[in-house]
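Colleague: So the number in the numbering used here is just where the residue sits in the sequence shown, counting from 1, plus 14. A virtual CB, placed ideally from N, CA and C, is assigned to each residue, including glycine. Before I ask anything, here is the structure I am working with.
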Amino acid sequence: MAPMAHVELLFASQTGTAEETAWELAREGRRKGFLMEPCALDDLRLEELCKVRLAVFVVSTTGQGDPPMNMRRLWQELLCATLPATLLQGLSFTVFGLGDTRYREFNYAARKLFVRLQGLGATAFWRLGLGDDQHDFGMEQELDPWSEGMWAALAEKLPPAAESDAEVRYEVEEMEQSTNGHTPPVELPEDSFWSELLAKRSLLSAEEEDVPDVWNFRLRLPPDQHYLAGDVLVVWPEMDSVLVRRFVVDTLERSLTDCIRIRPKCSSSSSPFPSRALTLEEVFSRYVDVSAMPSRHFFHVLSQHTPDELHKKKLSEFASRTLEAKDALYEYCKRERRSAAEVMWDFWTARPPLAELLSALPLLRPRRYSIASSPKWAGPGRAVGAWSLTQRPFWMPLEVSPSRALPRMLADLWGEHGLSEDLDLCVGIVDSVTRSNRQVKGLCSNFLKNAAVGSRLRCSLERGTLQLPALEVPLIMVCPGTGLSPCRALVQARHRQVQSNPLQRPKDLMFLGFRHQRADFLYGEEWDTFEAWLSVQVAFSRDHEDKKVYVQDLIEEQGPHVRRLLDAGAVIFVCGRSHPMPSQVFDAFVEVLQHGGMTAEAATQRLRLMQRTQRYICDTWG
Ligand SMILES: Cc1cc2nc3c(=O)[nH]c(=O)nc-3n(C[C@H](O)[C@H](O)[C@H](O)COP(=O)(O)O)c2cc1C
């Protein structure tokens with residue numbers, strides 16, 4: 015048989031959807047006779063890209079029109095103005111973008127990549143595809159017609175080999191239960207480390223039905239790890255043990271201690287599973303996420319492994335590409351946020367072999383949280399009890415926190431001489447009810463809430479998008495809800511800047527937003543500390559009878575102050591939920607500039623220029 019035609023399949027993904035889509039295309043490609051191995055864009059060097067002849071790019075957009083982290087290095091190289099316009103003339107390519115039309119910068123990363131590749135001499139063999147999260151049927155609404163045309167165009171460029179079987183990503187070998195009661199240490203992902211959970215507390219001062227639960231978690235980094243204000247902590251959660259037991263024992267009818275070894279089927283592929291023998295408990299606690307919504311391919315795999323005609327028919331319907339099927343899948347799965355575990359519970363006759371099941375289930379992904387504290391901060395917010403017994407100096411009474419007992423200078427010195435740094439995370443606990451009254455809980459926020467104080471969490475550090483400007487540069491922060499996380503860190507760091515430069519007194523502005531002053535005014539007792547240099551404006555949206563008040567209303571109210579800071583060269587940081595707040599805030603700044611005498615167009619242009627020059631930065635999520 016002729017060898018399969020090789021096509022480079024390159025993805026860039028922030029939270030895993032583009033990566034899953036790339037795998038879906040790879041499976042389909044194999045069925046059609048094309049050999050495709052998904053690979054992250056940043057795993058390729060520019061010299062390697064220059065040698066590629068045929069490539070399919072699958073790229074999501076994050077932030078406000080930003081490329082995902084795992085394409086930023088290559089993207090910077092591609093943007094270099096001195097690259098010759100013929101650099102990629104040997105490359106035929108196409109791009110599928112994953113985005114969301116709620117964002118002004120819809121699918122920016124994919125659009126920009128498409129244009130830049132052409133600008134470097136590459137030829138598009140098929141049009142740009144732009145998937146939209148907002149469509150009820152999700153990405154598939156655009157992916158299906160785009161991929162159909164793409165396969166046909168690809169076949170014209172490169173005749174495919176004979177069709178091969180649907181792809182299974184892994185091989186699973188059943189092992190003797192030979193751990194002798196000894197559990198091997200958990201592997202740490204690259205660049206990650208263990209952090210101790212020192213303390214946790216709810217930040218709500220009163221319970222209100224309409225107020226989501228928010229907690230502060232204090233963690234201790236190992237001595238060789240350091241962070242800066244504005245950085246991000248990546249946390250690898252573990253699945254709830256009750257759910258794992260229910261899935262392994264009741265659904266799969268296996269034992270938690272059954273051992274398997276999982277290897278990638280293609281030896282060149284990377285694998286999220288360690289190469290040693292794993293118990294099923296480990297597999298479903300740490301590596302695979304049965305609490306996540308499954309892909310359409312998952313339904314296809316289930317449909318192949320049920321003896322029950324009715325189940326097979328329903329599952330095949332969910333897996334098919336017709337409009338009716340997409341609608342049915344939306345109603346059953348997407349709208350209800352139904353998990354893979356629940357789907358298998360509902361379709362109890364469908365039991366694929368482990369290798370196929372593991373190839374089709376969503377992987378357990380780490381979650382990213384903006385750190386809500388600044389290193390070496392010894393002011394308010396350093397809770398008593400935050401220090402673990404093992405690291406408390408021997409002469410210090412147990413009930414006293416060192417940061418309260420010691421002058422700040424000494425606490426600072428500890429940080430600089432190899433002692434561990436602590437950090438705070440401010441986390442909204444995800445717990446919602448769907449239209450048909452099913453409770454849906456967020457994996458990582460509930461993992462943190464349920465973690466025991468003293469336990470160790472798998473973490474890593476990433477540089478954040480926000481960096482504290484010099485003291486002369488005024489700062490405007492807009493950060494409703496848990497959006498205050500990175501800004502609390504920056505305010506703490508700024509306070510230290512101010513204290514070490516007593517002659518300079520900035521007059522920065524911060525806009526916070528909560529629902530009720532009495533319930534969810536997060537870290538409410540801390541903000542007065544900074545009053546000498548920071549004006550904190552707080553919008554309590556539901557404390558007024560006549561209307562709701564949001565941060566954007568306060569920005570307009572503070573118009574003259576905002577304009578003064580902008581004229582003095584202020585930097586704007588906008589942090590919080592990615593929709594709809596950032597665009598409403600943008601409009602409020604336009605309004606403020608208009609009141610200062612600018613036209614709407616000139617105001618928009620001024621703010622857009624600030625965005626392009628990194629003086630108006632959005633750090634948003636969800
Ligand atoms: C914090 C955040 C920011 C986003 N920003 C944009 C954006 O600027 N433009 C856009 O089209 N989509 C945006 N999206 C939507 C994502 O591109 C979309 O959800 C995509 O499926 C995510 O794919 P990924 O998991 O591979 O990163 C954003 C999503 C999140 C969570």
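If distances are taken between C-alpha atoms only, which option among 587, 323, 270, 328 comes closest to residue 479?
Modeller: 587
Colleague: DSSP state of residue 240, grouped into three classes?
Modeller: In the structure shown, residue 240 sits in coil (DSSP, three-state: anything other than H, G, I, E or B).
Colleague: Short of 7 Å in beta carbon distance, which residues of its chain neighbour residue 548, apart from the five on each side in sequence? Order them along the chain.
Modeller: 505, 522, 524
Colleague: Apply the 10 Å Cβ neighbour rule to residue 545 and answer buried if 16 or more other Cβ atoms are within range, or exposed otherwise.
Modeller: exposed
Colleague: Between the alpha carbons of residue 158 and residue 594, how many angstroms are there, rounded?
Modeller: 29 Å
Colleague: Can you list, in chain order, the residues of its chain whose CB lies under 6 Å from that of residue 103, leaving out five sequence neighbours each side?
Modeller: 135
Colleague: For residue 382, collect the residues of the same chain with a Cβ closer than 6 Å to its Cβ; drop the 5 residues on either side in sequence, then sort them by chain order.
Modeller: 246, 248
Colleague: Taking the DSSP output, what are the residues bridged to residue 491?
Modeller: Residue 491 has 524, 587 as its beta-bridge partners, per DSSP.
Colleague: Could you tell me whether any non-hydrogen atom of ligand 1 is closer than 7 Å to the CB of residue 544?
Modeller: no
Colleague: Is the beta carbon of residue 356 closer than 8 Å to that of residue 342?
Modeller: no
Colleague: Using only the heavy atoms of ligand 1, determine whether one of them is closer than 7 Å to the beta carbon of residue 112.
Modeller: yes
Colleague: Using 8 Å as the threshold, is the C-beta distance between residue 224 and residue 556 below it?
Modeller: yes
Colleague: Does at least one heavy atom of ligand 1 sit under 7 Å from the Cβ of residue 71?
Modeller: no
Colleague: Which word fits residue 424, buried or exposed, when buried means at least 16 other C-beta atoms lie within 10 angstroms of its C-beta?
Modeller: Its pLDDT being 43, under 50, residue 424 is placed unreliably in this model, and the value from its coordinates should be taken loosely. Classification of residue 424: exposed, given that the 10 Å Cβ count is below 16.
Colleague: Just curious, the alpha helix (DSSP H) that residue 30 is in, first and last residue?
Modeller: No alpha helix (DSSP H) holds residue 30; DSSP gives it neither H nor E.
Colleague: Using the beta-carbon count (16 or more within 10 Å), is residue 236 buried or exposed?
Modeller: exposed
Colleague: I need the DSSP call for residue 400, collapsed to helix, strand or coil.
Modeller: Reliability of the predicted coordinates at residue 400 is poor, the pLDDT of 36 falling under 50, and the value obtained from them is presented with this limitation in mind. The answer is coil: DSSP assigns residue 400 none of H, G, I, E or B.
Colleague: First and last residue of the beta strand (DSSP E) that includes residue 276?
Modeller: 273 to 278
Colleague: Considering Cα atoms alone, identify which of 144, 106, 436 is closest to residue 137.
Modeller: 106
Colleague: Can you pull the DSSP bridge partners for residue 188?
Modeller: 274
Colleague: Taking C-beta to C-beta, are residue 232 and residue 217 nearer than 8 Å?
Modeller: no
Colleague: If we count the other Cβ atoms within 10 Å of its Cβ and call it buried at 16 or more, is residue 464 buried or exposed?
Modeller: exposed
Colleague: Express the C-alpha separation of residue 234 and residue 402 in angstroms, rounding to a whole number.
Modeller: Model confidence at residue 402 stands at a pLDDT of 34, short of 50, so the residue's coordinates are unreliable and nothing is read from them.
Colleague: Looking only at its own chain, which residues have a Cβ that is under 6 Å from the Cβ of residue 438, when we skip the five neighbours before and after it?
Modeller: 230, 232, 386, 387, listed in sequence order.
Colleague: Which residue from 250, 328, 189 puts its Cα closest to that of residue 290?
Modeller: 189
Colleague: What do you get for residue 621, buried or exposed, if any count of 16 or more other CB atoms within 10 angstroms of its CB means buried?
Modeller: buried
Colleague: At a cut-off of 7 Å, would you count residue 613 as near ligand 2, judging by its Cβ distance to the nearest heavy atom?
Modeller: Of the ligands this structure carries, namely ligand 1, none is ligand 2.
Colleague: Could you tell me whether any non-hydrogen atom of ligand 1 is closer than 7 Å to the CB of residue 241?
Modeller: no
Colleague: Leaving out five residues on either side along the sequence, give the residues of the same chain with a beta carbon under 8 Å from the beta carbon of residue 285.
Modeller: Within the same chain, residue 285 has close Cβ partners 184, 276, 277, 278.
Colleague: How long is the line joining the alpha carbons of residue 442 and residue 565, rounded to whole angstroms?
Modeller: One alpha carbon belongs to residue 442, the other to residue 565, and they sit about 19 Å apart.
Colleague: Look at the alpha carbon of residue 452 and the alpha carbon of residue 307, and state the distance between them as a whole number of angstroms.
Modeller: 14 Å
Colleague: For residue 571, report the span of its beta strand (DSSP E) as first-last.
Modeller: DSSP places residue 571 in no beta strand (DSSP E) but in the uninterrupted alpha helix (DSSP H) bounded by 565 to 571.
Colleague: Kindly give me the distance between the Cβ atoms of residue 98 and residue 26, rounded to whole angstroms, as I take these residues to be in contact under 8 Å.
Modeller: No, residue 98 and residue 26 are not in contact; Cβ-Cβ is about 24 Å, not under 8 Å.
Colleague: Can you name the residues that DSSP bridges to residue 145?
Modeller: 112
Colleague: Indicate the three-state DSSP secondary structure (helix, strand or coil) for residue 634 in the structure shown.
Modeller: strand
Colleague: Cβ of residue 576 within 8 Å of Cβ of residue 490?
Modeller: yes
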